[in-house]
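Worksheet for the structure shown next.
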Amino acid sequence: MQRPDIKATYFLIFGLSIVAYCLIGYVFARHESLSLAGTYTLLFATYLYVLFQRPNLNTLNWLVLASILFRLIFLFSFPSLSDDIYRFVWDGRLLNQGIHPFSELPSFYIHLGNEVEGLSQPLFDKLNSPNYFTIYPPFAQFVFWLSILFTNSVLGSAVVIRLLILLAEVGSILIIRQLLIQYRLPAKRVLIYALNPLIVIELTGNLHFEAFMIFFLLLSIYCLHQNSIVKSAVFMACAVAAKLIPLMLLPLFIRRLKMKPLIKYYLLTAIFIFLLFIPLFNYDLIIGLSKSIGLYFQKFEFNASVYYLVREVGFVVKGYNIIETSGKYLALISFIGILILSLIKSQRANVMEVMMWILTFYFFLATTVHPWYISTLLALGLFTNFRFTVLWSLLIFFTYTGYSDFGFHENMLIVFIEYLMVFGVILFELIRVRFMNIDCSFKNHL
Numbered sequence: 012m013q014r015p016d017i018k019a020t021y022f023l024i025f026g027l028s029i030v031a032y033c034l035i036g037y038v039f040a041r042h043e044s045l046s047l048a049g050t051y052t053l054l055f056a057t058y059l060y061v062l063f064q065r066p067n068l069n070t071l072n073w074l075v076l077a078s079i080l081f082r083l084i085f086l087f088s089f090p091s092l093s094d095d096i097y098r099f100v101w102d103g104r105l106l107n108q109g110i111h112p113f114s115e116l117p118s119f120y121i122h123l124g125n126e127v128e129g130l131s132q133p134l135f136d137k138l139n140s141p142n143y144f145t146i147y148p149p150f151a152q153f154v155f156w157l158s159i160l161f162t163n164s165v166l167g168s169a170v171v172i173r174l175l176i177l178l179a180e181v182g183s184i185l186i187i188r189q190l191l192i193q194y195r196l197p198a199k200r201v202l203i204y205a206l207n208p209l210i211v212i213e214l215t216g217n218l219h220f221e222a223f224m225i226f227f228l229l230l231s232i233y234c235l236h237q238n239s240i241v242k243s244a245v246f247m248a249c250a251v252a253a254k255l256i257p258l259m260l261l262p263l264f265i266r267r268l269k270m271k272p273l274i275k276y277y278l279l280t281a282i283f284i285f286l287l288f289i290p291l292f293n294y295d296l297i298i299g300l301s302k303s304i305g306l307y308f309q310k311f312e313f314n315a316s317v318y319y320l321v322r323e324v325g326f327v328v329k330g331y332n333i334i335e336t337s338g339k340y341l342a343l344i345s346f347i348g349i350l351i352l353s354l355i356k357s358q359r360a361n362v363m364e365v366m367m368w369i370l371t372f373y374f375f376l377a378t379t380v381h382p383w384y385i386s387t388l389l390a391l392g393l394f395t396n397f398r399f400t401v402l403w404s405l406l407i408f409f410t411y412t413g414y415s416d417f418g419f420h421e422n423m424l425i426v427f428i429e430y431l432m433v434f435g436v437i438l439f440e441l442i443r444v445r446f447m448n449i450d451c452s453f454k455n456h457l
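Numbering (the working numbering), first residue to last: 12 to 457.
Right, here's the structure in full:
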């Protein structure tokens with residue numbers, strides 16, 4: 012049984028967390044940096060306190076339930092830290108009119124003079140990338156379309172999307188608990204993901220589709236552990252259809268599956284991806300998506316690490332921002348590095364750890380690393396003995412301090428401190444695990 016003082020502390024934490032999540036969800040705006048940073052720090056402190064406890068099974072179940080209740084707090088809130096919802100609604104309304112979302116830029120429809128129902132000038136003005144093609148794959152587009160079937164309001168669409176994300180998040184928590192049993196790891200590790208404030212705020216609160224990707228990815232891995240190649244391929248395809256990121260994880264199975272099941276797995280995954288893309292598959296999809304991906308590496312920059320160093324060198328040598336060339340080269344280096352990491356088969360590392368390092372390497376070379384990007388790292392990292400992902404989930408939230416009433420200006424000191432601490436902890440953990448011979452492998456791994 013838990014001591015009475017511990018129970019009282021849990022209730023205090025629960026109450027403080029409810030107030031903090033309500034403030035972030037319904038009161039604070041994105042530009043209120045000090046309020047957001049202070050509230051998030053409080054949430055993270057309570058989160059760390061819980062992680063260092065040793066809850067019994069009943070308390071663990073209660074804490075998992077509390078994590079779901081925290082997510083429910085955001086149900087009717089407007090995503091205050093992200094304006095992606097407007098593009099979600101824009102694409103959904105296009106689909107509802109039978110128009111391919113990749114066929115034209117948003118400005119094309121505005122110039123028609125409101126000939127497309129629901130695509131108004133006020134909605135267009137709120138798009139964060141009005142001059143770029145959408146980048147969201149078929150599953151995401153299906154959710155967008157579904158969200159506008161029941162309501163004409165942006166908030167109503169947000170509520171529909173949030174309900175679906177809540178289901179995905181509950182599913183992810185349940186799968187994590189099953190995988191922890193599979194790996195013979197402590198059950199309390201589920202709290203690393205379930206109670207993490209960044210996960211709660213960014214996925215459920217701000218409606219980021221990493222929630223679906225993580226759910227399908229974990230389900231795919233779980234099915235692979237159950238020797239169900241077909242089911243695993245289906246869910247891996249769904250993960251790709253939610254976000255394209257899992258495509259870079261596929262090469263790691265080359266050294267971890269025998270030839271026959273490997274061919275079967277890749278073939279089935281390719282077939283299911285093709286089937287999921289069929290409803291939107293045409294020339295517009297290929298051109299629009301390729302342009303969006305190209306612009307991602309050559310135009311957008313936010314909270315980068317290696318790229319910012321390269322950019323500074325470019326300013327000194329060339330006198331201007333060299334993102335158009337450096338972005339392509341960093342993407343190429345990422346591709347080569349991912350292949351190398353995938354083909355190195357370590358007896359000490361499970362498949363979750365390899366996935367974690369692949370994504371970590373990719374994010375370090377990326378030109379854009381938004382806070383919600385590392386949610387997948389946190390989910391994968393809890394199956395390893397590396398905890399830099401937890402630290403990163405604290406530090407990356409402070410990149411919101413760049414927002415103000417006048418727009419956005421990135422605080423490079425925050426970025427420097429963030430990556431200095433993350434790189435430092437990674438180095439420390441690698442030395443501890445690799446050179447001090449502390450084993451981080453688990454039984455029943457791929």
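Quick reminder that beta carbons are idealized off the backbone N, C-alpha and C, glycines included.
Less than 9 Å between the C-beta atoms of phenylalanine 408 and tyrosine 51, yes or no?
Contact: yes.
What do you reckon, are the CB atoms on aspartate 102 and leucine 218 nearer than 9 Å?
Contact: no.
Does DSSP put tyrosine 411 in a helix, a strand or coil?
In the structure shown, tyrosine 411 sits in a helix (DSSP, three-state: H, G or I).
Do you know how far the Cα of asparagine 314 is from the Cα of leucine 68?
About 39 Å.
Note the first and the last residue of the continuous alpha helix (DSSP H) segment covering histidine 211.
It is worth fixing the name first, because residue 211 is valine in this sequence and not histidine. Note, valine 211: premise wrong, no alpha helix (DSSP H); not H, not E.
Are the beta-carbon atoms of phenylalanine 220 and isoleucine 176 separated by less than 9 Å?
Result yes, Cβ atoms of phenylalanine 220 and isoleucine 176 sit closer than 9 Å.
Kindly say whether methionine 259, judged by its beta-carbon, lies nearer than 9 Å to any beta-carbon of chain C.
Among the chains of the structure shown, chain C does not appear; only one protein chain is present.
Drop a sphere of 10 angstroms on the beta-carbon of lysine 271, count the other beta-carbons inside from all chains shown, and report buried for 16 or more, exposed for fewer.
So lysine 271 counts as exposed.
Three or more C-beta pairs under 8 Å: does that hold for the segment 260-271 against the segment 335-355?
Contact holds: three or more Cβ-Cβ distances are below 8 Å.
Among the candidates Phe223, Val328, Phe417 and Asn396, whose CA atom is the shortest distance from the CA of isoleucine 442?
Closest by alpha carbon: Asn396.
To test your reading of the DSSP string, which unbroken alpha helix (DSSP H) runs of 4 or more residues are found completely within the segment 346-382?
Segments of the alpha helix (DSSP H) lying fully in the segment 346-382: 362-376.
Restricting to Cα atoms, I'd like to know which of His122, Arg200, His42 and Ile172 is closest to glutamine 64.
Comparing Cα positions, the closest option is Arg200.
Helix, strand or coil for phenylalanine 399 per DSSP?
In this structure, phenylalanine 399 counts as helix in the three-state DSSP scheme.
According to DSSP, what are the bridge partners of glycine 418?
According to DSSP, which records beta bridges pairwise, glycine 418 is partnered with Ser415.
Go through its chain and collect everything with a Cβ distance to methionine 224's Cβ below 6 Å, but skip five positions before and after it.
Answer for methionine 224: Ala250, Ala253 and Lys254, listed in chain order.
Can you tell which of Gly413, Ser231, Lys275 and Phe427 has the C-alpha that lies nearest to the C-alpha of leucine 47?
If we check each option's Cα against that of leucine 47, Gly413 comes out closest.
Would you say the segment 27-38 touches the segment 84-95, given that touching needs at least three Cβ pairs under 8 Å?
Yes, the segment 27-38 is in contact with the segment 84-95.
Check each candidate in Gly330, Arg266 and Leu393 and name the one with the smallest Cα separation from arginine 195.
Arginine 195 has its Cα closest to that of Leu393, out of Gly330, Arg266 and Leu393.
Cα separation between isoleucine 110 and phenylalanine 246?
Whole-angstrom Cα-Cα distance: 27 Å.
Would you identify the three-state DSSP class for phenylalanine 39, choosing helix, strand or coil?
Three-state DSSP puts phenylalanine 39 in coil, outside helix and strand.
How about the segment 22-29 and the segment 163-180: do they share at least three Cβ pairs that are nearer than 8 Å?
No contact exists between the segment 22-29 and the segment 163-180.
Ends of the alpha helix (DSSP H) at alanine 222?
Here the alpha helix (DSSP H) through alanine 222 covers 221-236.
Applying the 10 Å Cβ sphere with the 16-neighbour rule, what's the burial state of asparagine 139?
Label assigned to asparagine 139: exposed.
Give me, in chain order, the residues of the same chain whose beta-carbon lies closer than 8 Å to that of tyrosine 97; leave out the 5 immediate sequence neighbours on both sides.
Leu134, Lys137, Leu138, Asn139 and Val165, listed in sequence order.
Please determine whether the Cβ atom of valine 328 lies at a distance below 8 Å from any heavy atom of the ligand COA.
This structure lacks the ligand COA; in fact it carries no ligand of any kind.
At which residues does the alpha helix (DSSP H) containing alanine 315 begin and terminate?
It is not in any alpha helix (DSSP H) - alanine 315 carries neither H nor E in the DSSP assignment.
Restricting to Cα atoms, I'd like to know which of Ser168, Ile186, Glu43 and Ile256 is closest to glutamine 237.
Nearest of Ser168, Ile186, Glu43 and Ile256 to glutamine 237, Cα basis: Ile186.
Less than 9 Å between the beta carbons of leucine 53 and alanine 19, yes or no?
No.
Please classify arginine 98: does DSSP put it in a helix, a strand, or coil?
If DSSP states are grouped into helix, strand and coil, arginine 98 belongs with the helices.
Please identify the residue among His420, Gly418 and Phe375 whose C-alpha is closest to the C-alpha of valine 433.
Checked all of His420, Gly418 and Phe375; the closest Cα to valine 433 is Phe375.
Which term fits serine 415, buried or exposed, when burial requires 16 or more other beta carbons within 10 angstroms of its beta carbon?
Its Cβ having fewer than 16 others within 10 Å, serine 415 is exposed.
Keeping to the same chain, check which residues put their C-beta closer than 8 Å to that of histidine 420; ignore five residues upstream and five downstream.
Hits under 8 Å: Gly413.
Residues in its own chain within less than 6 Å of threonine 145 by CB, not counting five upstream and five downstream?
Closer than 6 Å at Cβ, skipping near neighbours: Asp102 and Pro112.
Is it buried or exposed for proline 197, if we count other Cβ within 10 angstroms and need 16 for buried?
That one is exposed.
Assuming arginine 188 is part of the alpha helix (DSSP H), what are its boundary residues?
Per DSSP, arginine 188 belongs to the alpha helix (DSSP H) from 165-193.
Alpha carbon to alpha carbon, what distance is there between threonine 378 and leucine 316?
First, the amino acid is wrong: residue 316 is serine here, not leucine. Each residue's Cα considered, the two are about 8 Å apart.
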